[in-house]
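Just below is one structure, and these are the notes that go with it.
Numbering (my numbering), first residue to last: 63 to 154.
Right, here's the structure in full:
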């Protein structure tokens, strides 16, 4: 009789642990923010923010593209233009 109670208790503990583990494994919904984009900005704002014209930024991107391309093929890897703009926006 005692053995059956202990076995039932052990089974309940195992089920509870598995349930807890499965809940912890569930993925949270990921939130992706909008990326920085110079194409919707006017030239004055671009120069004020990044200290370069949009043409100079695109030329620089052309020079650095191979080094800035995402190393992963994931769907939400940080684009090369975003990396460049984030670096240019750093205070000097």
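All C-beta atoms in this analysis are idealised placements derived from N, C-alpha and C, irrespective of residue type, glycine included.
Leaving out the 5 sequence neighbours to the left and right, which residues in its chain are closer than 7 Å to residue 139 when beta-carbon positions are compared? 132
The alpha helix (DSSP H) that contains residue 117, what's its start and end? 116-130
Of the choices 115, 134, 77 and 72, whose alpha-carbon is the least far from that of residue 147? 115
If you check the beta carbons only, do residue 100 and residue 93 fall under 7 Å apart? no
Residue range of the alpha helix (DSSP H) that includes residue 147: 142-150
Three-state secondary structure (DSSP) at residue 75? helix
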